[in-house]
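Scroll down for the structure; my scribbles are underneath it.
In the UniProt record's numbering, the protein residues as written are 1 to 370.
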């Protein structure tokens with residue numbers, strides 16, 4: 001695994017690299033910079049400001065170009081490596097080809113980064129630039145046409161916001177995030193099929209909620225579905241379902257709704273004969289009562305969902321009585337993550353048919369979507 005950290009000056013790249021080295025036995029590798037040091041990394045007198053701690057660079061892990069770095073890591077991809085030397089999109093393009101590479105961007109408010117840079121200048125007895133100069137230099141570094149790094153940051157699979165002023169809370173947040181999780185590189189089967197369900201949800205035309213569903217057997221997709229009006233009818237988002245287009249509250253006038261649920265569409269597409277035994281249904285929300293009856297009837301053996309939904313607890317009772325295992329899957333955090341906010345521990349919660357009745361009244365079982 002190779003984690004590449006990119007970000008502006010004093011965003012926290014070195015601190016996160018140090019965390020990975022200290023807590024997860026990563027080794028830091030280096031890529032030579034082929035361009036001049038940007039002005040944002042210099043003091044008011046244009047002296048280069050050294051990092052906060054002496055950077056002892058091991059020659060064994062220093063490479064003149066990205067090709068040699070890739071060749072080295074490819075032979076050792078099962079080991080853990082980290083670098084902060086993602087200089088531009090050219091370097092990123094070369095690394096993205098490899099399945100062991102994860103790009104993580106790190107950012108912080110300009111005022112926070114300026115304060116960190118002032119502290120670094122003071123430690124080296126250098127005069128820091130003014131806030132105005134720092135902002136102008138920062139803008140040049142990030143947004144200059146053709147060379148700015150902002151476009152690179154947008155390509156990161158994980159984007160961290162680091163406004164922490166102390167290392168302990170930063171390390172605690174990184175621990176909860178579980179940054180070295182291998183599922184970030186190659187999704188587990190649960191994550192893979194749930195992502196397909198999420199993709200199917202983007203085809204939804206229902207005005208109420210995007211829901212996607214995938215039915216699989218022996219790790220092969222049997223059918224997919226998303227919610228919306230039946231074939232041949234006007235799409236819900238074009239006025240096809242009066243209930244959904246009249247801002248009707250959840251749970252009200254359900255009998256007037258013309259939309260098929262994602263689970264229903266997937267079941268209709270597959271049919272009972274194709275579903276067979278040991279089929280698993282993945283859905284990005286917990287199935288409703290009506291769908292749970294149909295899921296049980298066709299012989300689905302397991303239902304995996306991502307987000308809870310305000311549904312009658314009879315749903316879980318039906319699955320328990322019908323011998324359908326119900327399980328919630330929570331994938332690793334992705335996208336933008338604020339490290340100054342409390343992070344839930346990533347976990348996969350299994351709800352077994354034997355004990356489901358004991359947790360029906362647990363508020364953590366069904367959680368409303370925000």
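Note that CB positions come from ideal geometry on N, CA and C, so glycine has one too.
task: Whole angstroms is fine: what's the gap from residue 168's alpha carbon to residue 219's?
output: 42 angstroms
task: Report the option in 230, 94 and 229 whose CA atom is closest to the CA atom of residue 65.
output: 94
- request: Let me know the secondary structure DSSP gives residue 347 once reduced to three states.
  value: Note on residue 347: pLDDT 42, under 50, position unreliable in the model; no value is reported.
query: Grouping DSSP H, G and I as helix and E and B as strand, with all else coil, what is residue 262?
result: helix
message: If distances are taken between C-alpha atoms only, which option among 245, 287 and 341 comes closest to residue 315?
response: 287
message: Only counting the same chain, and skipping five residues up and downstream in sequence, which positions put a Cβ closer than 8 angstroms to that of residue 138?
response: 8, 9, 40, 110 and 113
field: Bounding residues of the alpha helix (DSSP H) (the contiguous stretch that carries residue 228)
entry: Residue 228 -> no alpha helix (DSSP H), and no H or E assigned at all.
Straight-line gap, residue 216 to residue 282 (C-alpha atoms, nearest Å): 8 angstroms
query: Since residue 107 sits in a beta bridge, which residues does DSSP pair it with?
result: BP columns for residue 107 point to 161.
- request: Going by DSSP, name the residue or residues bridged to residue 48.
  value: 42
task: Provide the residue(s) that pair with residue 279 in DSSP beta bridges, ordered along the chain.
output: 217
- prompt: Which residues mark the beginning and the end of the beta strand (DSSP E) in which residue 78 is found?
  reply: Note, residue 78: premise wrong, no beta strand (DSSP E); not H, not E.
- prompt: Do you know offhand how far residue 36's Cα is from residue 212's?
  reply: It is roughly 49 angstroms from the alpha-carbon of residue 36 to the alpha-carbon of residue 212.
field: Rounded separation between residue 18 and residue 171 - CA only
entry: 10 angstroms
Proximal residues to residue 157 (C-beta, below 8 angstroms), its chain only, five neighbours per side dropped: Contacts found: 102, 103, 104, 184 and 334.
field: C-beta atoms of residue 174 and residue 16 nearer than 8 angstroms
entry: yes
message: Less than 8 angstroms between C-beta atoms, sequence neighbours within five positions excluded: which residues of the same chain meet that for residue 294?
response: 263, 264 and 267
message: I need the straight-line Cα distance from residue 349 to residue 261, nearest angstrom please.
response: Caution is warranted here: a pLDDT of 42 is assigned to residue 349, below 50, making its placement in the model unreliable, and the coordinate value is therefore given only provisionally. Going by the C-alpha atoms only, they are around 24 angstroms apart.
- request: Can you grab the Cα-Cα spacing for the pair residue 83 / residue 223, in whole Å?
  value: 42 angstroms
Option in 143, 3 and 190 with minimal Cα separation from residue 29: 3
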